[in-house]
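Asker:
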Amino acid sequence: MARRLTTTQMRENTIRINALELEEPAPEPIPEPAPEPKKDDTWVFDSGKLNFDFDKSVVKPQYFELLRNVKDYAEQNDFKLTIIGHTDSKGSDAYNMALGMRRAIAVRDKLIEFGLDPSRILGVESRGESEPIATNDTPEGRFENRRIEFKATK
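Here it is as structure tokens:
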């Protein structure tokens, strides 16, 4: 048999029901830890010794040992290489970009000839005359600018 509730009891029951229906607020989510900053596994190094004659892209035999050392370094440290060719400021920008590329390709080909697995070479690039490391006002400075850089990536 159903029991009759007074208005006061109904209010109390309603309040109780409402109180029971109210959900406890969800706990604030714990923020995810910030990801570790990505370690920069890329290094650019200038061979400092592999330079080219004016308007040439031939790798001279005097640089063969240096290239063998670069090959060994890449293999022993599990690096992949990007080879970057540079020029001095003589000639047009377009010509120097193409010359820088020919230099990078010549070095890539020599590294492969010396036994570097081609999969260790990510690419060849040219900076042309855009990133000099010495003055272009002297023959010595221009010689320093006609160079190869290697970007090594883990």
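When we follow the UniProt record's numbering, the leftmost residue of the sequence shown carries the number 1, and every step to the right adds one.
Ideal placement from N, C-alpha and C gives every residue a C-beta, glycine not left out.
Because the structure is a prediction, the values reported are computed rather than measured.
#1: Just to confirm, are Ile84 and Ala104 a CB contact at a threshold of 8 Å?
#2: Going by C-alpha distance, which of Arg146, Lys154, Thr153 and Lys151 is nearest Val58?
#3: Tell me which residues share the same chain as Asp40 and place their Cβ nearer than 7 Å to its Cβ, disregarding the 5 neighbours each side in the sequence.
#4: By the three-class DSSP mapping on this structure, what secondary structure does Phe150 have?
#5: Using a 10 Å radius around the Cβ and a threshold of 16 neighbouring Cβ atoms, would you call Thr87 buried or exposed?
#6: Unbroken beta strand (DSSP E) runs of length 3 or more, entirely within the UniProt domain "OmpA-like" (39–154): which are they?
#7: Skipping 5 residues on each side, what residues in its chain have a beta carbon closer than 7 Å to that of Phe114?
#8: Do Ala74 and Leu116 count as a contact pair if the criterion is CB distance below 8 Å?
#9: Rounding to the nearest angstrom, what Cα-Cα distance links Phe52 and Arg120 in this structure?
Answerer: Taking the coordinates as given:
#1: The count along the sequence shown starts at 1 and reaches residue 84 at position 84. The count along the sequence shown starts at 1 and reaches residue 104 at position 104. Cβ atoms of Ile84 and Ala104: closer than 8 Å.
#2: Taking the sequence shown and counting its residues from 1, the one referred to as residue 58 is at position 58. With distances taken between Cα atoms, Val58 lies closest to Arg146.
#3: Along the sequence shown, one-based indexing puts residue 40 at 40. Model confidence at Asp40 stands at a pLDDT of 49, short of 50, so the residue's coordinates are unreliable; what they give is reported in the following sentence. Correct list: empty, nothing qualifies.
#4: Here residue 150 corresponds to residue number 150 of the sequence shown, with the count starting at 1. Strand.
#5: As a position in the sequence shown, residue 87 is number 87, starting the count at 1. Looking at its Cβ environment, which holds 16 or more other Cβ atoms inside 10 Å, Thr87 is buried.
#6: For the UniProt domain "OmpA-like" (39–154), whole beta strand (DSSP E) runs of length 3 or above, ordered along the chain, are 42–51, 80–86, 121–128 and 147–153.
#7: Taking the sequence shown and counting its residues from 1, one reaches residue 114 at position 114. Cβ neighbours of Phe114 beyond the five flanking positions: Leu67, Arg68 and Lys71.
#8: Position 116 of the sequence shown, counted from the start, is the residue given in the question as residue 116. Position 74 of the sequence shown, counted from the start, is the residue given in the question as residue 74. Leu116 is a Cβ neighbour of Ala74, given a cutoff of 8 Å.
#9: Position 52 of the sequence shown, counting from 1, holds the residue named residue 52. Position 120 of the sequence shown, counting from 1, holds the residue named residue 120. Going by the C-alpha atoms only, they are around 24 Å apart.
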